[in-house]
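Read top to bottom, the protein sequences are chains G and U. When you read off a place in the first sequence, starting at 1, and then add 175, the result is the number in this note's numbering. When you read off a place in the second sequence, starting at 1, and then add 101, the result is the number in this note's numbering. By construction, the Cβ of each residue, glycine as well, lies at the ideal position given by its N, Cα and C atoms. A short write-up of the structure that comes next.
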Amino acid sequence: MKGQVFETLSFLVLAIAIIGIIILMRVYLVGGFGNTFINLAERHESEGFRAGVNALLETTEERTGKTQLELIGISAYVGNNTINFGPTVGTIDVVKDLTWRFDALFGKNHWHIRVPYPEILPDVQIVMVSDTSSSMCYSIPVVAQKLPQLVEQFKQNGKKVSVTLYMLPGSVQCCNGFVLACSSTQFPEKSDFHCRGIETIQSQCATRLPTGAYVQTEEDYGDGLACAIEAGPVEGWKKGSIKLAIGVSDELSLGSECGGGLSCCPSLSSYPSAIQSGNNAINASLNNQAPLYMIQAVDYVDQARTQCGTICFYTTQPNSLCNCDSQTCTCPLNDPQCACVNVVTEFQKNLASSTGGQAYILNSLSGQDIVDKIQDIINNQKPKRLPSLEAGAPIPVGKNRLSVTIPIPISLPGIYTTAYIDKWS
Amino acid sequence: MQTTIWYRLRDAMKGQLSYIIKPMSLVVTIVLLLLLYNSISSFQSREKTAEQDLNLVADATNILLVLANSPSCLAFEAPVTGGLYANIVDIQKLNYFSQHYSSIEPECARNFDYGWRVTIKEFRQSSGQTVFGNVWTFGAANFSRDAAFRNSLNFSLPIAIHYSGSLTRPGLMILTLVGDELEKISGVIDWTCQLHRQGRLTKSTVEIHTSYPLIYDTNSKSLCQQSKTNFCRITNCNLDFQGLKAAGNYLLKISFDGDKEVIR
């Protein structure tokens, strides 16, 4: 019996050993080949996916000629998924453009892309248009002195602000000796503060404005703003910057003259030219996404605000009404002037509210008030940036997927972001 | 007395058990060994299949990558810097290839084990819809068929088609790879031809298998298998080859007469 038991046991051991060998071969030999095959197939897939993504990002958007990589970089810079390339090209929706390409190459609902946008403090670019009628003689000299200082102050606090001040035509010489025109002595040129006569951009902007629109008078700030927005600041509008247009005047665009009558400013509709000029400004503002901020300076005329009155200016041809000393004469205007505060307020508020800006009414003759309001305007600008670009279907849970990360250059030295792209079957 | 009977009975049973268990053990052991042999054969067969699949996948990957990334093939080369970009193909090369390689693989990505044909489809937007734009195709015009066909694979790779500095469109490069008798036979003949042209070979002997009669059409410079219909592949060299009248395994002696490849 003992021998039989051992004989049976030895057979069992032999059987178990053979079955063990078979299982071992199945697991390790064939399994190894299977794994190698899977690894190679996956490598092919992942390399193909990476190369495919690279190729896709090099394809161009046909209106702009820019690659998808460039468009994502610009989007990341401006913090928006849509990019405005101006009136000729129009707006490009980067997500939409990426979506059809990814759908075509990788299949609808089989991919996902996320590009976190970096925190970028955008530049603030301001075009400012100033009324140059003699009623501005009290405030503009202060603006000339204080505004460059304000810009410098922002710069020192790490905020890049630039101002291009366009002076409307006229070059009135004020009683205080200040000439309402750009000059290197009154408005010294700085890297981020520039003063230019509106006539320097007339030809440039005339082609972009509606037919017949041009800056007509020293108070035509509606057309002046339209012109300044279309031509842009001296350095040009930068992509991703906060664009602002500021108008400073105490009158209606083209002036609030009573036109010989003494019935001042009956209603805004009595000034169709001003309305047309204002509409030109609104259109330019909306087309260029540069909201209008209006600062209503205090008119010298008189403090009763609704009465006509006289205003001081300098003339070389004094008449009997002028009060002259040995050097200068102060004379009343030939035509009576109106402050027209109510009508001017209505007009300027309409310009601002139609474009997403704001209108301010000053209480003091001092130009410091204008500078303070400009400071408020800049401080109140909050960059409207999206946190990221995201497109495609949600990434499924528990499904095998391929992932690649692609660095995205942004048009700022040393700043990159990353595109995280996933694909699944 | 009783004790003696018991011992005799026990000895007799022991003998009986031994007679039964030993043959059974032998039979079961043989069965197990046969099972082991069968398993080993099966594993070898699966290994071979997996190896073939691996080769097919690897070669498909290589062909697609070479086509899309080699400047000798389709890769776009920046005119000033000479730089290459991953998977961006040049429209001019694409047009040239589709005109000149309509029925044979281009030299730059020739594979001597497999035959292949590539179709490139361009995508574009039309009225908000994604549509196919231009389509290009080149490579082998025919592949092995019927009994001569065993293995094929379709692979695709996303690419970008470079028209100009401001126009690059997305596209898909779709490869059909076939590795069977006609591809292998013409591959070995073309390979020896290429080595001869490089001065590295004067004669050779190769072993081939064909499932159908094989002929050489001198007019089209094509090697053809005759199944229900002929399927042919263009060869690199002019051949002096009488053909093979029946299916089977053959040992071909290859030599060269000037530029002509002589096969006997």
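Near-chain G residues of the stretch 172-194 of chain U (beta-carbon distance less than 7 Å), N- to C-terminal order: Cβ contacts with chain G come from Y186, A187, N188 and I189.
Of the residues G:G223, G:I457 and G:P344, which one's Cα is nearest the Cα of G:G397? Nearest Cα to G:G397 within the set G:G223, G:I457 and G:P344: G:I457.
Look up G:W412 in the DSSP assignment and give the residues it is bridged to. For G:W412, which the question treats as bridged, DSSP gives no partner whatsoever.
Below 8 Å, how does it come out for the stretch 357-375 of chain G and the stretch 415-423 of chain G: are there three or more Cβ pairs, yes or no? Touching, no.
Which residues mark the beginning and the end of the alpha helix (DSSP H) in which G:F277 is found? First-last of the alpha helix (DSSP H) with G:F277: V269 to F281.
Closest residue to U:S253 among U:D358, U:L157, U:Y108 and U:P124 (Cα-Cα distance): If we check each option's Cα against that of U:S253, U:L157 comes out closest.
Per DSSP, G:I288 is paired with what? Answer is G:A566 and G:I596, bridged to G:I288.
Based on the DSSP secondary-structure assignment, which residues constitute the bridge partners of G:A534? By DSSP's assignment, G:A534 forms a beta bridge with G:M469.
On a Cα-Cα basis, can you pick out the residue from G:A594, G:A216, G:V318 and G:L273 that is closest to U:F224? The shortest Cα separation from U:F224 among G:A594, G:A216, G:V318 and G:L273 belongs to G:L273.
Straight-line CA distance for U:K322 to U:D360? Approximately 14 Å between the Cα atoms of the pair.
Considering only residues of the same chain and omitting the five flanking positions on each side of G:A406, which have a CB-CB separation below 7 Å? Closer than 7 Å at Cβ, skipping near neighbours: I376, Q379 and C380.
List the residues of chain U that G:D544 touches, going by C-beta distances under 9 Å, in chain order. Here the premise fails: no neighbours, minimum Cβ distance about 50 Å.
Distance check for G:L199 and G:F186, CA to CA, integer angstroms please. Between G:F186 and G:L199, the C-alpha separation is close to 20 Å.
Near U:I57, what residues of its chain come up, given a Cβ to Cβ distance below 6 Å and the 5 sequence neighbours on each side ignored? Residue 57 of chain U is absent from the model: chain U starts at 102 and stops at 365.
As a quick exercise: from G:A568, G:V579 and G:G532, pick the residue whose alpha carbon is nearest that of G:Q556. If we check each option's Cα against that of G:Q556, G:G532 comes out closest.
Is G:D367 near G:V326, with beta carbons less than 7 Å apart? Yes, Cβ-Cβ distance for G:D367 and G:V326 is below 7 Å.
Distance CB(G:Q550)-CB(G:V317) smaller than 7 Å: With contacts defined as CB atoms closer than 7 Å, G:Q550 and G:V317 fail to qualify as a contacting pair.
Which of helix, strand or coil does DSSP assign to U:Y264? When DSSP states are grouped into helix, strand and coil, U:Y264 belongs to the strand group.
Check U:L324 in the structure and name its three-state DSSP category. Collapsing the DSSP output to three states places U:L324 in a strand.
Delimiting residues of the beta strand (DSSP E) encompassing G:V354: Under the DSSP assignment, G:V354 falls outside any beta strand (DSSP E); it carries neither an H nor an E label.
Report the three-state DSSP secondary structure of G:L426 (helix, strand or coil). Here residue 426 of chain G turns out to be Glu, not Leu, going by the sequence shown. When DSSP states are grouped into helix, strand and coil, G:E426 belongs to the coil group.
In chain order, what residues of the same chain have a beta carbon less than 7 Å from the beta carbon of G:S448, not counting five sequence neighbours either side? Around G:S448: L429.
Answer yes or no: do G:I570 and G:H287 have a C-beta to C-beta separation smaller than 7 Å? Taking 7 Å as the Cβ cut-off, G:I570 and G:H287 qualify as a contacting pair.
Can you find a C-beta in chain U that's less than 7 Å from the C-beta of G:G240? Yes - at least one Cβ of chain U is within 7 Å of the one on G:G240.
Between which two residues does the alpha helix (DSSP H) carrying U:L293 extend? Here residue 293 of chain U is Thr; the residue named in the question, Leu, does not match the sequence. Unbroken alpha helix (DSSP H) run through U:T293: E282 to R298.
Looking at chain G, is there any beta carbon in it that lies within less than 7 Å of the beta carbon of U:L155? Taking Cβ atoms only, chain G reaches closer than 7 Å to U:L155, which makes this a yes.
Would you list the residues sitting across from U:Q230 in a DSSP beta bridge? For U:Q230, the pairing in a beta bridge is given by DSSP as U:S227.
With a CB to CB cut of under 6 Å and the five nearest residues on each side skipped, what residues in its chain are close to U:Q327? If we look at U:Q327 and ignore the five residues flanking it on each side, its Cβ neighbours are Y313 and P314.
Could you have a look at G:P447 and say whether DSSP puts it in helix, strand or coil? The answer is helix: DSSP assigns G:P447 an H, G or I state.
Residue span of the beta strand (DSSP E) that contains U:L352, given as start and end: Looking at the DSSP string, the run of the beta strand (DSSP E) that includes U:L352 is G349 to D358.
Could you have a look at U:V181 and say whether DSSP puts it in helix, strand or coil? Coil at U:V181, not helix or strand.
Taking C-alpha atoms, which residue in U:R218, U:A151 and U:K304 lies nearest to U:F198? For U:F198, the closest C-alpha among the options U:R218, U:A151 and U:K304 is that of U:R218.
What are the start and end residues of the beta strand (DSSP E) that includes G:S185? Here G:S185 belongs to no beta strand (DSSP E); instead the alpha helix (DSSP H) covers K177 to L199.
Quick check: what's the CA-CA separation for U:G266 versus G:T530? Take the alpha-carbon of U:G266 and the one of G:T530: they are about 38 Å apart.
Got a sec: is the Cβ-Cβ distance from U:P124 to anything in chain C below 7 Å? Here chain C cannot be found, since the structure's protein chains are G and U.
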